[in-house]
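*Asks:* Numbering-wise, the sequence shown is residues 232 to 1222 according to our numbering. Even for Gly, the Cβ is constructed at its ideal location relative to N, Cα and C. What you are looking at is a predicted structure, and each value in this text was computed from that prediction instead of being measured. Following this message is one structure expressed as structure tokens.
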Amino acid sequence: MATGTNEAAFEAHVVNYLVNTVQEYQEKHTSVYNKDLCLIEEDIVAFVQDTQPNEYARLQEQYGDLTNQKIVENLAKSITNNTTLQVLRDGAMKDRGVKLKMAYFKPNHNRSPEHLENYKKNKLTIVRQLAYSNKNNNSLDLAFFINGIPVVTAELKNALTGQYLSQAIEQYRKDRDSKEKLFEFQRCLVHFAVSTEKVAMTTRLADEKTFFLPFNQDLENYCEDDFATAYWYRDVLRKDSLLDLVQNFINLQINEEKVFNAKTNAIEVKKSEVLIFPRFHQRRAVNRLLTDVKEKGVGQKYLIQHSAGSGKSNTISWLAHRLSDVYQKPSDSKSLFDTTIVVTDRRVLDKQIQNNIRQFEQTPGAVAYIDENKTAQDLRLAIENGSRIIVTTLQKFPVISESVSHFSDRRFAVIIDEAHSSQAGESARHLRKALSLEEAEDKDIVEKSLDDIIEDEILSKGDQKNISFFAFTATPKTKTLEIFGTRNQAGDKTEFDLYSMEQAIKEGFILDVLKNYMSWRRYYKLVKRSEVEDKEYSKKQTLRLLANYVDLQDHAIDKKTRIMLEHFASQTQNEIQGMSRAMLVTKSRLHAVRYKLKFDEIMREMNLPYEALVAFSGTVTDGDTGAEHTSASMNQLEGKVSVPEALKLPKYRILIVANMYQTGFDEPLLHTMFVDKKLGGSSTVQTLSRLNRTRKGKDSTMVLDFVNDPEKVQLDFQFYYGSNRMEFEDQTDQNSVYDVLNKIESSNLIYKNDLDAFAEIFFRKGDNMEKLQPILNNLAERYNGFEEEVQIDLKASINDFIRLYRFLSQIITFTDVDLEKYYVLLAALFKKLPSNRSSLPTDVLENVELDSYKLQHQYTTDLQLESTETNMQGQKPGGGIGPQEDEFELLTKIIKVLNDTFGLDLKDEDKIEFMKMKENVYQNEELMTFFNKNNSKANIQDKFDETIDDELLNFIDGKLGLYNKLTDDRVNKEFKRLWFNEVYDRVLRSV
């Protein structure tokens, strides 16, 4: 019969492993613990005597028999004044001119063997059932000490006796008084609630308000030969790990958040202190990367797929700090990387990354921050001066690529924050070139041949031996996976480390934005003006143009705006304790302008106590009115208040955007998103994920979508929900670039003398680029002499070659000089070739009218995602921007396509009945007398609705089908509302 199924047995099992199996801790009885000082005195004294005998002797000369007592008392005082973390990590303890270290950390190299010896003398102690209080007899299951200083506590539960993680958490919340000295903030570094199945942790005990974070390996923990949570004591609490956490991970963050203060009626900066202990995946990612770097050296690429809510800024900070001082071997004379560069797409550098790195870097000026206020020259100087860590933006690299080439004997670690296709293009090629080790080392001895120069150019853009890339993203595109992914034994590419969207949602770090997904569909009918001649137009372009025309009509804007505002006023505004916000995503700047005007109008009509903001770039001129609009002129914000700041004010509850704030905008009050824009791929995830930020009182989100197919939205999210993989046979064929080049060569567009002449000028140094123009002009003229069909195919092939070569040169190093010659020539020529894109047939808008329009709610549902792996496909020829063959149709047929898709299904005879009813209503004198300013709008509408219902009864006998359509609840309500607004505006507003 199995034994050890209770809590005490689990406790004993943990202690036995750490004390006896790996022999890294000593176990002591609770009696050795000083409750007043929160220390184990004998450990402190023994550690100082063992590691710092000279310092101990100097103190003994002054204190005599009181030396041990004074050391302990002074340490207790230092911890109270400076916190445990500072005392352990920074050695913040001095006594009568003697500085004592209270911990020794493992050195990165073996140049100071005495330091390694002292590291081995750190005393780790574990106490079971620690009696910590002078007020009661309560005890902690486990407490862990470093050299007599408490750093970790734990409450354990054994699922085999029906006790679970939630009970350990409740024990901390209800039975562990935060006023007890041991539980003061920053005295103990972390508190663990541990069951045999799950682990959670917190760094601040606050009684009932204590907030625990999951600390699990994955959605389900697993161990083949031990408890599922064995990683907690077999890995995290091991000696090397615990001291590494203290030295390199745990840090105090000062978080700043702009909030509205109702008392002062102003936006204020709210500061809060948070002691950061890495979540399991953060520590795992950093340690795995360091291990792999030490094993393989410089020149590798890594993809870290960490979802929103993963704490990516902290992970990047920890990694940058560690890479800046990592040694491949302890015997190496210098660290592996000369400079670590953190590259972010955000022009305003992440302050959290800056502040975190600064905490660990003890040398002033070791970190250079090249933000939007600094220049490329500042970045060049930072590299030239050998800054250990540089934090900058990707945009600055192409500018200075040539100026840093003479520092190419250095080794670089490049950390990319949010790696997307922007790191798979020319900017990333410049980055590789700028930091390349493959530049010529001895330029003065022999003048290189042209082929030698081109080979250098090729090598400067391919895989580099002196650069390691660490790419972080939540939504890796196929290019990102293929460039940065790790190849397994089967040749497949996958991410190096994964913290999935699924895990982030299920652990509660982000919300599932696909719950409460409301889909609407628009129905409309267009007619061609009878007096206009029917002629052919490009079918695809005309369909898009007419659909856009419909969505810009005031009638369409009005209906959608009313639906959104009615939903916001009845539901959204009450969420998050009445503080929720909404965002409307529009398809263009003109749409945003018209929506803003309509929102203002209808919000005044509804007497709503708040307003809408709008955000778009530049100036928009409305072609219908001639009016010019900017975000600033439409918002009329006071002073220097920004749009994100204004959205925190009670006055503003809705933000209308056009291509702004759809990525990188973190507003936890954002609850509802209205979507009137076609989304797809990663943009779907990035846009809707603006809603996923958590905060107190926010337990749901809402998406109301007028445009996108919910099934496609679901597929877009599913693509990034779990792990991603690209099987070997699906990866880009490295010979595909030759297949495409063969097509170009067979066209006889480029002769060998053209290729050589262009290369001779392009690759030689000197400012003589004007000499390239005659060659390009001659080729463009030759291209224009081809038949149109040949031109289209040839241009598509040229684009394919540029795209494939640019992409593949980041994965492999080509040694074919002609490929690079063709690349630089074709890349320049492509820009000179005439566009295949025909102009939009805007005259069609003069030939059509919007006959009818309605919106219908399809359904509201939870879009479910599955736990599965996504298979990605590599680059293929023909995947470029070559034009698709278009059809030409008569305008009447194009209109029929639209009407068949979006039709109202109302017949011509129905319209005749409408006109009759309309005439009857306008001739109803009793009703018309109600339309006066002495009656409230609500009273007038009640009378109007009653009259319409009476009129509809006339259809029962002869037009039952029409009656049924117009008395459907949703249709009837909308039908009467729209008609009433029309009459009300005409009679009372003279509109």
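Just mark L690 as buried or exposed, buried being the case when its beta carbon has 16 or more other beta carbons within 10 Å.
*Replies:* With a pLDDT of 46 at L690, under the threshold of 50, the modelled position of that residue is not reliable, and the figure given next carries that caveat. L690 is buried by the Cβ-count criterion.
*Asks:* DSSP state of P445, grouped into three classes?
*Replies:* strand
*Asks:* With a threshold of 8 Å on Cβ separation, who are the neighbours of Q1104 within its own chain once the five nearest residues in sequence on each side are excluded?
*Replies:* T709, M957, D961
*Asks:* Pull up the CB-CB distance for I1006 and D1031, whole angstroms please, since I reckon it's below 8 Å.
*Replies:* At roughly 22 Å, the Cβ-Cβ gap does not stay under 8 Å, so I1006 and D1031 are not in contact.
*Asks:* In this structure, what does DSSP give as the bridge partners for A385?
*Replies:* In DSSP, A385 forms a bridge with L373, F423.
*Asks:* The beta strand (DSSP E) spanning S1083 covers which residue range?
*Replies:* Looking at the DSSP string, the run of the beta strand (DSSP E) that includes S1083 is 1079-1092.
*Asks:* Quick one: is V500 buried, meaning 16 or more other Cβ sit within 10 Å of its Cβ, or exposed?
*Replies:* exposed
*Asks:* Determine the contact status of S409 and L436, defining contact as a CB-CB distance below 8 Å.
*Replies:* Yes, the Cβ-Cβ distance between S409 and L436 is below 8 Å.
*Asks:* So, helix, strand or coil for N939, using DSSP?
*Replies:* coil
*Asks:* Cutting at 7 Å between CB atoms, please list the residues of its own chain near Y969, excluding the five before and the five after it.
*Replies:* none
*Asks:* Taking buried to mean at least 16 other C-beta atoms within 10 Å of its own C-beta, is Y1153 buried or exposed?
*Replies:* By the neighbour-count rule (16 or more Cβ atoms within 10 Å), Y1153 is not buried but exposed.
*Asks:* Out of W549, G528, L1003, which has the shortest C-alpha to C-alpha gap to R642?
*Replies:* R642 has its Cα closest to that of G528, out of W549, G528, L1003.
*Asks:* For D438 and R404, which I take to be in contact (beta-carbon distance under 8 Å), what is that distance rounded to the nearest angstrom?
*Replies:* 6 Å
*Asks:* I'd like to check one pair, T932 with N747: are the Cβ atoms closer than 8 Å?
*Replies:* yes
*Asks:* So what does A843 bridge to, in DSSP terms?
*Replies:* According to DSSP, which records beta bridges pairwise, A843 is partnered with I885.
*Asks:* Taking 8 Å as the cut-off, decide whether the C-beta atoms of Y841 and Y892 are in contact.
*Replies:* no
*Asks:* How about L371 and L361: do their beta carbons lie closer than 8 Å?
*Replies:* yes
*Asks:* Identify the continuous beta strand (DSSP E) that holds K525 and give its terminal residues.
*Replies:* Under the DSSP assignment, K525 falls outside any beta strand (DSSP E), being part of the alpha helix (DSSP H) whose first and last residues are 511-527.
*Asks:* Alpha carbons only, please: which of R359, M837, Y335 is nearest the one belonging to E348?
*Replies:* Y335
*Asks:* At 4 residues or longer, what runs of the alpha helix (DSSP H) sit wholly inside the region 242-280?
*Replies:* Counting only runs of 4 or more, we get nothing.
*Asks:* Look at Q180 and Y754 and say whether their C-beta atoms are less than 8 Å apart.
*Replies:* Because the chain in this structure spans residues 232 to 1222, residue 180 falls outside the shown range and cannot be described.
*Asks:* So which of A800, L444, K871, R812 has the shortest CA-CA distance to N838?
*Replies:* A800
*Asks:* Would you mind giving the Cβ-Cβ distance between A751 and L521, rounded to the nearest angstrom? I have them listed as a contact below 8 Å.
*Replies:* Looking at the sequence provided, one finds Trp at residue 751 rather than Ala. Actually they are not in contact, since the Cβ atoms of W751 and L521 sit about 50 Å apart, beyond 8 Å.
*Asks:* In terms of residues, what are the limits of the beta strand (DSSP E) holding I601?
*Replies:* From DSSP, I601 is part of no beta strand (DSSP E); its letter is neither H nor E.
*Asks:* Just mark A735 as buried or exposed, buried being the case when its beta carbon has 16 or more other beta carbons within 10 Å.
*Replies:* By the Cβ neighbour-count rule, A735 is buried, with 16 or more other Cβ atoms within 10 Å of its own.
*Asks:* Give me the Cα-Cα distance between L297 and Y287, rounded to the nearest whole angstrom.
*Replies:* 12 Å
*Asks:* Among residues of its own chain, excluding the 5 on either side of E876, which ones have a beta-carbon nearer than 7 Å to its beta-carbon?
*Replies:* K489, I498
*Asks:* In whole angstroms, what separates the C-alpha of V916 from that of S1066?
*Replies:* 32 Å
*Asks:* How far does the beta strand (DSSP E) with Y533 in it extend, from its first residue to its last?
*Replies:* 532-537
*Asks:* Which term fits R553, buried or exposed, when burial requires 16 or more other beta carbons within 10 angstroms of its beta carbon?
*Replies:* In this structure R553 is buried. Its beta-carbon is surrounded by 16 or more other beta-carbon atoms within 10 angstroms.
*Asks:* For L270 and I380, which I take to be in contact (beta-carbon distance under 8 Å), what is that distance rounded to the nearest angstrom?
*Replies:* Right, their Cβ atoms sit about 6 Å apart.
*Asks:* To the nearest angstrom, how far is it from the Cα of L1219 to the Cα of N1185?
*Replies:* 28 Å
*Asks:* Using a Cβ-Cβ cutoff of less than 7 Å, which residues in the same chain neighbour L249 once the five nearest sequence positions on both sides are dropped?
*Replies:* E255, Y256, I357, Y464, L468
*Asks:* Should the region 936-955 be called in touch with the region 903-923, which here means at least 3 C-beta pairs below 8 Å?
*Replies:* In this structure the region 936-955 lies against the region 903-923, because at least three pairs of beta carbons, one per stretch, are closer than 8 Å.
*Asks:* With 16 other CB atoms within 10 Å as the buried threshold, where does H512 fall?
*Replies:* buried
*Asks:* Kindly confirm or deny that the region 1053-1060 and the region 986-998 touch, where touching means at least three C-beta pairs closer than 8 Å.
*Replies:* yes
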